[in-house]
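A.B. asks: Sending over a structure as structure tokens; questions will come in a sec.
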Amino acid sequence: MWSNGLHLNSGYREPISAGGSHGGNPRSHLYHRDYDVDFYQSHVPRLSRPVKRKIGSPPLAHSIKPPLPPIQLKSRGTPVLPVFVPCDKDLLLPKFFPQNVMRAMEPTVAIRDLDLKKIAELREMSEGDVHFQNVSDKELRDWICENSELVEHKDIRYEYNFLSQQLIIKCMPTPMHDSLQYFFTQTVFGIFVEKVGLLKAQELVTTGAGTSFTRFEGDRCGSTEKLPDAFVQLEGSRFPVVVCESGFAEKLEDLKTDAKLWLLHTGGQTKIVIVTFFTETHTTSETDPTTRQTILERPQKIRQEL
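Numbering (our numbering), first residue to last: 5 to 310.
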């Protein structure tokens with residue numbers, strides 16, 4: 005009996021094409037019930053049968069493999085990153101190098117304990133203005149808050165330079181400073197009067213001394229305050245156009261730092277800085293050995309060094 009090409013009473017099964025080109029390998033046909041055992045076994049791997057454990061025998065021991073050690077990568081050394089070290093402006097060495105540890109750790113003469121009596125004692129010892137090195141902005145603000153009556157004292161002035169972190173306590177001016185102030189207020193202003201007349205000179209320029217100037221460019225904390233020994237200021241400008249800084253007991257390097265502050269941090273308003281540096285030597289008179297004479301050397305030429 006036949007039905008749709010299948011003979012129901014015989015063991016023969018007509019193949020059904022599973023793909024491929026005409027006349028291909030007859031093994032690439034699917035059969036309804038039967039399949040080619042050789043073809044199947046050649047493509048499917050043989051699996052081993054599990055071993056049955058006998059009744060009463062202990063279970064087989066499983067070997068545990070230890071984990072592999074981590075891979076050790078070869079290092080070429082720890083990279084060295086550049087670190088900014090603050091330097092001392094005088095010695096040009098980092099502050100915490102062994103050669104400069106003692107100087108960096110020195111206290112700032114405890115400015116928080118500074119009072120009027122202490123200033124008078126230090127002024128007698130230093131024979132001039134009192135200088136404090138390495139004073140930070142915070143230390144200065146704390147000192148001002150704790151000594152407001154001292155800051156407002158009529159006989160005491162102070163100035164601070166954020167570039168050098170130096171605090172200078174200025175007491176009563178010396179005769180040398182008085183003569184310098186007199187020269188600027190009389191001679192320099194007199195020259196302007198001769199050129200443009202008195203009324204015009206009073207409108208154009210102001211000569212003076214003892215005036216505080218603040219708000220220098222680059223001073224983010226606003227702690228810098230300078231009191232030039234003499235100055236000439238144009239009308240409407242914030243900073244003087246001509247500044248005179250004199251040093252009687254002050255170091256020449258400090259005067260140079262002050263000159264740089266005026267020339268580089270005033271927005272170009274300060275055009276000229278006159279630095280006068282005096283050296284005092286004491287000698288005895290030939291006629292009277294008990295009489296001491298003071299000889300002031302000529303100011304050094306430092307204009308080319310700035």
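A virtual CB, placed ideally from N, CA and C, is assigned to each residue, including glycine.
No experiment lies behind these values; they were computed from the predicted model shown.
DSSP three-state label for residue 187, please.
C.D. replies: DSSP places residue 187 in helix when its eight states are reduced to three.
A.B. asks: Could you give the DSSP three-state label for residue 251: helix, strand or coil?
C.D. replies: Here residue 251 sits in strand by DSSP.
A.B. asks: I believe residue 209 touches residue 237 by the beta-carbon criterion, under 8 Å. Please report the beta-carbon distance rounded to the nearest angstrom.
C.D. replies: Indeed they touch by this definition, with Cβ atoms about 7 Å apart.
A.B. asks: Can you tell me whether residue 249 is buried or exposed, with buried defined as 16 or more other CB within 10 angstroms of its CB?
C.D. replies: So residue 249 counts as buried.
A.B. asks: Starting from residue 205, trace the alpha helix (DSSP H) in both directions and tell me its first and last residue.
C.D. replies: Residues 202 to 208.
A.B. asks: Here's the rule: buried if 16 or more other CB atoms are within 10 angstroms of the residue's CB, otherwise exposed. What is residue 162?
C.D. replies: Result: buried.
A.B. asks: Only counting the same chain, and skipping five residues up and downstream in sequence, which positions put a Cβ closer than 6 Å to that of residue 168?
C.D. replies: The residues are 261.
A.B. asks: When the Cα of residue 240 is compared with those of 273, 191 and 198, which residue comes out closest?
C.D. replies: Of 273, 191 and 198, the residue nearest in Cα terms is 273.
A.B. asks: My output table needs one value for residue 220: the three-state DSSP class, helix, strand or coil.
C.D. replies: DSSP places residue 220 in coil when its eight states are reduced to three.
A.B. asks: For residue 237, list the residues DSSP reports as bridge partners.
C.D. replies: DSSP output for residue 237 lists 210 as bridge partner(s).
A.B. asks: To which residues of the same chain is residue 246 closer than 6 Å at the C-beta, ignoring the five residues directly before and after it?
C.D. replies: If we look at residue 246 and ignore the five residues flanking it on each side, its Cβ neighbours are 236 and 276.
A.B. asks: If we call anything under 9 Å between Cβ atoms a contact, is residue 139 one with residue 170?
C.D. replies: Their beta carbons are under 9 Å apart, which means residue 139 touches residue 170 by this criterion.
A.B. asks: Smallest Cα separation from residue 154: which of 118, 197, 198 and 166?
C.D. replies: If we check each option's Cα against that of residue 154, 118 comes out closest.
A.B. asks: Taking the C-alpha atoms as reference points, what is the distance between residue 145 and residue 227?
C.D. replies: Computed Cα separation, rounded: 8 Å.
A.B. asks: Give the secondary structure of residue 261 by DSSP, where H, G and I count as helix, E and B as strand, and everything else as coil.
C.D. replies: DSSP places residue 261 in helix when its eight states are reduced to three.
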